[in-house]
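Single-structure report; data block below.
Residue numbers (this note's numbering), protein chains in the order written: chain A, 1 to 260; chain B, 1001 to 1071.
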């Protein structure tokens, strides 16, 4: 069965998108990303180190842009202006690349999205031709507004960035998914494989994660676990789970032909 | 060195003994030739194709950015 993720008109075989931060070194980053099977990887845009050795390895040496789809983010931006500025630089940096992850944060303690600034930035970016995958709260109304603005994917949090708290409000996620005509991806909060599976069983089109893999004791093994859980959750969603029947037991074995 | 031009690059003051230079020359000076970077001068992006023609002058503020690990 061919079941592909389509984002901004491009198809992907993997529904797991991963970040590239918080790893011990680039070698571990690469090994974990290979184990995850991810095709889309997020990167941050930061000042270069002036005076660094010219031959110092960079992330791009380990994750060549020819092999992966880069998703430059606006991590650390607290205003629409900063986010737009960052992504314009990203587009120049990546030779006109338009697929981006927009996130505008509200405060440094929770990293909770500032949806007002996010909406303002999304409007500008869509107008400028960016394909915007947008990180947002799990508010169904805001999610729909971001879709209406023209974002190519809506990415509500499961819980706070880097918290590993899992899916705190599956009901909101379900409403967002049911209302959406663009892919809905859970971005942030997944802690372990079962969280990813639950998100996919709810009908998420994909999951974006970083810390759950990078902060595991064995990131490469966790990346492999996440790959399987995303696939398993997706298959379970497509298969359609049995109805829950509280207090209505139903034996799986025949009730006739018993001995004695 | 007789300082003829001062630029602010990524928040650091850089001094030069020439009164102007191109973005291409600065990129070379900073050893970023062939590296994947993006340059912004006084808040405006300088496209790669314009490096050789874009003249920097005393007091210009530049941002030189690259891609790093992030989530």
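Quick reminder that beta carbons are idealized off the backbone N, C-alpha and C, glycines included. Computed from a prediction, not measured in an experiment: that's the story for all the values here.
- In this structure, DSSP gives residue 106 (chain A) a state outside helix and strand, which the three-state scheme calls coil.
- With a minimum length of 3 residues, the unbroken runs of beta strand (DSSP E) contained wholly in the region 163-208 of chain A fall at 185-187.
- When 8 Å is used as the limit between beta carbons, residue 1016 (chain B) is near no residue of chain A, the shortest such separation being about 14 Å.
- Taking the beta carbon of residue 58 (chain A) as reference, the chain B residues within 9 Å of it are 1035, 1036, 1066, 1067 and 1068, listed in sequence order.
- Contact with chain A is absent for residue 1027 (chain B), since none of that chain's Cβ atoms lies less than 8 Å from the residue's Cβ.
- Counting C-beta atoms within 10 angstroms of its own C-beta, residue 85 (chain A) has 16 or more neighbours from the protein chains shown and is therefore classed as buried.
- The beta carbon of residue 1030 (chain B) falls within 8 Å of a beta carbon belonging to chain A, placing the residue at that interface.
- Taking the C-beta atoms as reference points, residue 1018 (chain B) is found no nearer than 8 Å to residue 1039 (chain B).
- Taking residue 177 (chain A) as reference, the option from A:191, A:141 and A:91 with the minimal CA-CA separation is A:141.
- With a contact defined as Cβ atoms closer than 8 Å, residue 17 (chain A) and residue 40 (chain A) qualify at about 4 Å.
- Taking all protein chains in view, the Cβ of residue 200 (chain A) is crowded by 16 or more other Cβ atoms within 10 Å, so the residue is classified as buried.
- Distance from the CA of residue 1060 (chain B) to the CA of residue 169 (chain A), rounded to the nearest whole angstrom, comes to 49 Å.
- Scanning chain A for C-beta atoms nearer than 8 Å to the C-beta of residue 1045 (chain B) yields 88, 89 and 92, reported in chain order.
- At least 8 Å separates the CB of residue 114 (chain A) from every CB of chain B.
- Annotation for residue 153 (chain A): the continuous beta strand (DSSP E) segment containing it runs 153-156.
- Close to residue 1009 (chain B), with beta-carbon spacing below 7 Å, are these residues of chain A in chain order: 50.
- Here residue 127 (chain A) is exposed. Its C-beta has fewer than 16 other C-beta atoms within 10 Å.
- When secondary structure is reduced to three states using DSSP, residue 219 (chain A) falls in the helix class.
- The continuous stretches of alpha helix (DSSP H) do not include residue 131 (chain A), which lies in the beta strand (DSSP E) extending over residues 131-136.
- A Cβ-Cβ distance of about 20 Å is found for the pair residue 155 (chain A) and residue 94 (chain A), leaving them out of contact under the 8 Å criterion.
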